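J.: Here it is, the structure in full.
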Amino acid sequence: MGNTAAKRDGKDGSSLSPTKESMSSSFDFKTGKIPIIQQASLDDSIDLPAGRFRELMRDDGPDGRPRTATLLEQPYVDPSALPVVFRWEGGGKSVAVAGSFNNWNTKIPMIKSQGDFTAIVNLPEGQHEYKFYVDGQWIHNPRQMRTSPESDEPLQSNTFGTVNNFISVSKSDFEVFEALAIDSEREKGVDMSGSPPGDYNQDIPSQELQQRTTGPPILPPQLLQVILNKDIGPQYEPALLPEPNHVMLNHLYALSIKDGVMVLSATHRYRKKYVTSLLYKPIN
1 MGNTAAKRDG KDGSSLSPTK ESMSSSFDFK TGKIPIIQQA SLDDSIDLPA
51 GRFRELMRDD GPDGRPRTAT LLEQPYVDPS ALPVVFRWEG GGKSVAVAGS
101 FNNWNTKIPM IKSQGDFTAI VNLPEGQHEY KFYVDGQWIH NPRQMRTSPE
151 SDEPLQSNTF GTVNNFISVS KSDFEVFEAL AIDSEREKGV DMSGSPPGDY
201 NQDIPSQELQ QRTTGPPILP PQLLQVILNK DIGPQYEPAL LPEPNHVMLN
251 HLYALSIKDG VMVLSATHRY RKKYVTSLLY KPIN
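Going left to right, the sequence shown walks through residues 1 to 284 as full-length UniProt numbering numbers them.
And the structure:
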């Protein structure tokens, strides 16, 4: 009895990869080449049609692995909890927050936004202690409130003597936002534009209606007393104008266009002095 070279055959009868002992016998001395070696695949080890196993693997998951159940236990959320914004402005690479509201068990990661870190946490009403976990160290924020409402001394947690931040959450603090939200909903159906009420269309009014419409308002008579382009009496100096009426101040006057020039004027008062400015502008 002697050792024989182990040999495995595929389903189609072709030989598969030889064992170590039979590697030398598979060399072709005439051609100087090694024949093609067929390796055993998963299709040969499972009693399935060729290619079916790969289809099943593709259907299971994006990376070819069978899908597994990914149901996670969701944390309980109190429906009466109120959103509270925590902010850390002391720098750092990784910042989290924890407090008495979660029994100091879970570090809630904070999101970096430009120069600070923020996190929105739903908290029940009441008084809560909290602290920031910055780059592996517990740090309180001295800029934020860290004293109890009954005392001005720093709030200390039990017998450890550590200083924690303090916050008081009350539903009355959120009633203002609820009222603003209600007012915003009510104003959605109100027309806030300055247009008069009524229907609008593209119909051109008749000429009769245009004749009945009123023209622009009548100019107040006191504004007709323009001191420019008037003859100056002998009692006034040529370089001076008579004192204008107070109703003529801060109005823009325009002279009729002549010889392609438009003249504008305005009179202002500074204490007891009046200054009239003239602007000549060509319109060509």
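C-beta: ideal position from N, C-alpha, C; glycine also. All of these numbers come straight from a predicted model, not from anything done at the bench.
1. Can the beta-carbon of residue 126 be found closer than 8 Å to that of residue 169?
2. Just mark residue 224 as buried or exposed, buried being the case when its beta carbon has 16 or more other beta carbons within 10 Å.
3. Restricting to Cα atoms, I'd like to know which of 198, 226, 79 and 91 is closest to residue 122.
4. Looking at the structure shown, is residue 246 part of a helix, part of a strand, or coil, going by DSSP?
5. Beta carbon of residue 274, beta carbon of residue 263: below 8 Å?
6. In chain order, what residues of the same chain have a beta carbon less than 8 Å from the beta carbon of residue 101, not counting five sequence neighbours either side?
7. Label residue 250 either buried or exposed according to how many other C-beta atoms from any shown protein chain fall within 10 Å of its C-beta, with 16 as the threshold for buried.
8. Please name the residue in 277, 282 and 226 whose C-alpha comes closest to that of residue 261.
9. What does a CB cutoff of less than 7 Å around residue 91 pick up in its chain, not counting 5 residues either side in sequence?
10. List the endpoints of the continuous beta strand (DSSP E) containing residue 112.
11. What separation, rounded to the nearest whole angstrom, lies between the Cα atoms of residue 85 and residue 172?
12. Do residue 267 and residue 244 count as a contact pair if the criterion is CB distance below 8 Å?
13. Can you list, in chain order, the residues of its chain whose CB lies under 6 Å from that of residue 109, leaving out five sequence neighbours each side?
14. Mind checking residue 247: buried by the 16 CB within 10 Å criterion, or exposed?
15. Check residue 196 in the structure and name its three-state DSSP category.
16. Considering only DSSP beta bridges, list what residue 126 is partnered with.
17. Note down, in chain order, each residue of its chain lying with its Cβ closer than 7 Å to the Cβ of residue 227, except the 5 sequence neighbours on either side.
18. Who are the near neighbours of residue 143 in its chain, counting only those whose CB is closer than 8 Å to its CB and skipping five residues on each side?
19. For residue 108, name the three-state secondary structure that DSSP assigns.
20. Which of the three DSSP states, helix, strand or coil, is assigned to residue 234?
21. Determine the direct distance from the alpha carbon of residue 111 to that of residue 134, and round the result to whole angstroms.
22. Our contact map puts residue 256 next to residue 265 with C-beta atoms below 8 Å; I'd like the distance itself, whole angstroms only.
23. For a quick check, are the C-beta atoms of residue 118 and residue 87 less than 8 Å apart?
24. Hey, out of 272, 218, 258 and 269, whose CA is closest to residue 284's CA?
25. Considering only heavy atoms of the ligand GTP, does any lie closer than 7 Å to the CB of residue 196?
26. Which class does residue 298 belong to by DSSP, given the choice of helix, strand or coil?
T.: According to the structure shown:
1. yes
2. exposed
3. 79
4. helix
5. no
6. 121, 123, 124, 128 and 130
7. Around the beta carbon of residue 250, fewer than 16 other beta carbons lie within 10 angstroms, which makes this residue exposed.
8. 282
9. none
10. The continuous beta strand (DSSP E) containing residue 112 extends over residues 111-113.
11. If you take the alpha carbons of residue 85 and residue 172, they lie about 16 Å apart.
12. yes
13. 96
14. exposed
15. coil
16. According to DSSP, residue 126 bridges with 169.
17. So the qualifying residues of the chain are 241, 242 and 244.
18. 89
19. strand
20. coil
21. 13 Å
22. With a contact defined as Cβ atoms closer than 8 Å, residue 256 and residue 265 miss out at about 13 Å.
23. For the 8 Å CB-CB criterion, residue 118 and residue 87 form a contact.
24. 258
25. Because no ligand of any kind appears in the structure shown, any question about the ligand GTP cannot be addressed here.
26. Missing from the structure shown is residue 298; the chain here goes from 1 to 284 and no further.
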